[in-house]
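Asker: So the sequence shown is residues 0 to 503, counted in numbering that gives the first Met the number 0. Each residue gets a CB set at the ideal place from its N, CA and C atoms; glycine is no exception. Just so we're clear, the structure is a prediction, and the values are computed from it rather than from any experiment.
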Amino acid sequence: MLIRISLLLVVLFSYSASHSINDFSGNSLDNSQPAIIENKSKLSKTDDSLWGYSSKGRELFEVTTSSGEIITLVDVDGLAYSGDMIIGRTESLKENGLKIVTGQEFPESDEIGPLGVTRYPSSGYKWPNGVVPYVYASNLTSDAREAMNYAISHWNSRTNLRFVQRTNQSDYITVRDGGGCSSYVGKQGGSQTVTLARGCGRGAAVHELGHAIGFWHEQTRTDRDNYVTIYWNNIQPDARFNFEKISSRDGTNFGDYDFRSIMHYRTNAFGINGARTIWPKVGGVDTDYMGRGTQLSQGDLAAAASIYGGGTNPPPPPSNPTIKTSKSTFLDNENIMVSFSGASGDAYDWIGLYRQGGQNSEYINWQYLNGATNGSRQFAPLPEGNYEARLFFNDSYNVEATVRFSVESTGQSGPTLRPAKSTFSSRENIVIEFRNSAGNEYDWIGLYQRGDENSEYISWRYLRQRRDGSVSLPALPAGNYSARLFFNDSYRLEVQVDFRVVDN
């Protein structure tokens, strides 16, 4: 049975440029909605997010659309934003308003059914023939470049769009470093910016390219209140405008709501102290995946096909994959060997290690399979405890196979490191626990981007002759990291442990 899932897309422009916006009609704050935050007097300071800007200290202004609706935007250095979407230049929008082009001007097609998309007109505002030239700015970090390479490959292999390196094309995307992850919506003309800061990651890169070709956020659908609850009291007060809906006069909904869309917000987007801000009203939704995926959903694929032609190109399902460890019980000084067979062969299939029962997003360590269908991966030793290895398909949280194992203590006196948790928030300090260090004054612990050289530490602390205890180091942006214990002010590595930071 075909499951009909949806995506929402709208094209808008301020005279010369096309953009996308939403509408706050009927969405006044509902104080009767249950709040996760109980003590309102202790709310944290509102900060910008990788996924959008706060209005704190900035101008929040209203713009009237061509359909008579009023939308709210925030001015950031002369540009108007809604979430991570650049709507246009602030002064132009204030002067001219915003004209909206909807799917009513786009010819219907029975051959490629829209599963949830407000579509472009038959000419203009979309990228001609689905070809999107791009260049990388010189300030783009290596992490962001890798994430964008993944996103481009993903869009090119799954849809009829073709992201190509620019030669002499006059209209193109410039991907550059910035304060977060953002993009214009649809083709603008000339060079248009996509920002991808270090820490945005692959999912954000796929998401921002979705905006660049014209996609809007899924949770701005006019029927979203039938599917999700918005906890307005949990949203940072200066960020509530990011949750406005699009008016029914501004767009058209097709198909069912798509919780797995790459364009969906995560469950704690703009939350006060990471509180829940958006939650499904129906059961059976993988809330770990919602807003945290790295792949286009079937609804996203269908939406792209209805605008740019072609099929949906779903990835082939893996055939009976299996995973096992070399032994059921390891010692805490032994590497963990995990073998696999029957993987799909996708370059971004991956294996993660977890504490038993942990959420899919709470991995301790992970490795890609790099296109292998059979083979093995070796992981660093783990502390005493019960664990499991999980095989995932194509950079997603779709579990294909699982195996459990345990780790026992050797009782030996070698040094150990352990993060206080396997996943930290980008708003909290990183606490690393240690034991059985050499006890030298200048033994030290450093934090690193995973894979960096020992000399490329981010922050560090001396242990000051302590043999056991913990150190607290400054918060880090979202990403994958390691903590390393070194001997007596040298780079002689004694032990290391991996951990992860997420943006919330």
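Determine the closest residue to E399 out of A143, V227, K323, with distance taken between C-alpha atoms.
Answerer: When each option's Cα is compared against that of E399, the closest is K323.
Asker: Output the residue ranges of the alpha helix (DSSP H) runs that lie fully inside the segment 415–445 and measure 4 residues or longer, sorted by chain position.
Answerer: With a minimum length of 4 residues, no continuous alpha helix (DSSP H) run stays inside the segment 415–445.
Asker: What is the DSSP secondary structure of W126, counted as helix, strand or coil?
Answerer: Looking at W126 - three-state DSSP - the assignment turns out to be coil, as it is neither helix nor strand.
Asker: Bridge partners of Y386, per DSSP?
Answerer: Partner(s): R354, F404.
Asker: State the CB to CB distance for the pair A143 and L195, rounded to an integer number of angstroms; the pair is presumed to be in contact (CB under 8 Å).
Answerer: A143 to L195, Cβ: 4 Å. Contact.
Asker: With DSSP as the reference, please indicate the residues paired to Q366 in a beta bridge.
Answerer: DSSP output for Q366 lists I350 as bridge partner(s).
Asker: Please look up how many angstroms separate the CB atoms of L439 and Q464, rounded, as I've assumed it's under 8 Å.
Answerer: The question names Leu, but residue 439 is Asn in the sequence shown. Correct: roughly 7 Å between the Cβ atoms.
Asker: Looking only at its own chain, which residues have a Cβ that is under 7 Å from the Cβ of V130, when we skip the five neighbours before and after it?
Answerer: Answer for V130: R161, V163, listed in chain order.
Asker: Quick check: the Cα distance between E260 and D331, rounded to an integer number of angstroms?
Answerer: The question names Glu, but residue 260 is Ser in the sequence shown. For S260 and D331, the distance between alpha carbons rounds to 40 Å.
Asker: Just the C-alpha distance for Q187 and D170, rounded to the nearest angstrom, thanks.
Answerer: So the two alpha carbons sit approximately 8 Å from each other.
Asker: Assign P132 to buried or exposed, taking buried as 16 or more other Cβ atoms, counted over all protein chains shown, within 10 Å of its Cβ.
Answerer: Flag for P132 reads buried.
Asker: Kindly give me the distance between the Cβ atoms of D287 and N393, rounded to whole angstroms, as I take these residues to be in contact under 8 Å.
Answerer: Their Cβ separation, rounded to whole angstroms, is 16 Å, which puts D287 and N393 out of contact at 8 Å.
Asker: Short of 7 Å in beta carbon distance, which residues of its chain neighbour Y135, apart from the five on each side in sequence? Order them along the chain.
Answerer: Correct list, in chain order: R144, V174.
Asker: Pull up the CB-CB distance for S436 and P414, whole angstroms please, since I reckon it's below 8 Å.
Answerer: Between P414 and S436 the Cβ distance is about 5 Å, and since that is below 8 Å, they are a contact.
Asker: Between A474 and S425, what straight-line distance do the alpha-carbon atoms span, to the nearest angstrom?
Answerer: C-alpha separation (whole angstroms): 6 Å.
Asker: Between which two residues does the alpha helix (DSSP H) holding I212 run?
Answerer: Per DSSP, I212 belongs to the alpha helix (DSSP H) from 200–212.
Asker: Which value, in whole angstroms, describes the spacing of the CA atoms of I335 and L352?
Answerer: When rounded, the distance between both Cα atoms is 9 Å.
Asker: How about the segment 54–61 and the segment 229–243: do they share at least three Cβ pairs that are nearer than 8 Å?
Answerer: Touching, yes, given that three or more Cβ pairs across the two stretches are closer than 8 Å.
Asker: To which residues of the same chain is W126 closer than 7 Å at the C-beta, ignoring the five residues directly before and after it?
Answerer: Excluding sequence neighbours, W126 sits near K186, I212.
Asker: Which residues bound the beta strand (DSSP E) around R88?
Answerer: It spans 84–88 - the beta strand (DSSP E) in which R88 sits, taken as one unbroken run.
Asker: Taking the alpha-carbon positions, what's the P113 to T321 distance?
Answerer: A caution first: P113 carries a pLDDT of 24, below 50, which makes its placement in the model unreliable, though a value can still be read off. If you take the alpha carbons of P113 and T321, they lie about 36 Å apart.
Asker: In chain order, what residues of the same chain have a beta carbon less than 8 Å from the beta carbon of G273, not counting five sequence neighbours either side?
Answerer: N267, S424, R426, N503, listed in sequence order.
Asker: Do L492 and L472 have their C-beta atoms within less than 8 Å of each other?
Answerer: Their beta carbons are not under 8 Å apart, which means L492 does not touch L472 by this criterion.
Asker: Give the C-beta separation of S182 and H210 to the nearest angstrom, bearing in mind that I take them to be a contact with Cβ-Cβ under 8 Å.
Answerer: At roughly 4 Å, the Cβ-Cβ gap stays under 8 Å, so S182 and H210 are in contact.
Asker: Report all residues from its chain with a CB closer than 6 Å to the CB of A371; omit the five preceding and five following residues, and keep chain order.
Answerer: There are no such residues.
Asker: With DSSP as the reference, identify every bridge partner of G505, one or two as the case may be.
Answerer: Because residue 505 is not part of the residues shown, which for the chain are 0 to 503, the question remains open.
Asker: If I follow the unbroken beta strand (DSSP E) through L484, where does it start and stop?
Answerer: First-last of the beta strand (DSSP E) with L484: 478–485.
Asker: Rounded to the nearest angstrom, what separates Q495 and N453 at their Cα positions?
Answerer: If I take the Cα positions, the gap works out to 11 Å.
Asker: Among the residues of its own chain, which have a CB less than 6 Å from the CB of R499, if the five just before and after it don't count?
Answerer: These residues qualify, in order along the chain: T422, N479.
Asker: Just to confirm the assignment, what range does the alpha helix (DSSP H) spanning A146 have?
Answerer: Its alpha helix (DSSP H) spans residues 141–157.
Asker: So what's E493 in DSSP terms, helix, strand or just coil?
Answerer: Looking at E493 - three-state DSSP - the assignment turns out to be strand.
Asker: Could you please give the first and the last residue of the uninterrupted beta strand (DSSP E) stretch that includes G468?
Answerer: Note, G468: beta strand (DSSP E), 468–472.
Asker: Which residues bound the beta strand (DSSP E) around D237?
Answerer: Unbroken run through D237: none, as it is neither H nor E.
Asker: From I85 to D345, what does the alpha carbon distance come to, in whole angstroms?
Answerer: One C-alpha to the other measures close to 33 Å.
Asker: In the DSSP assignment, find the alpha helix (DSSP H) that holds Q297 and state where it starts and stops.
Answerer: Looking at the DSSP string, the run of the alpha helix (DSSP H) that includes Q297 is 297–307.
Asker: For T324, list the residues DSSP reports as bridge partners.
Answerer: Paired residues: V337.
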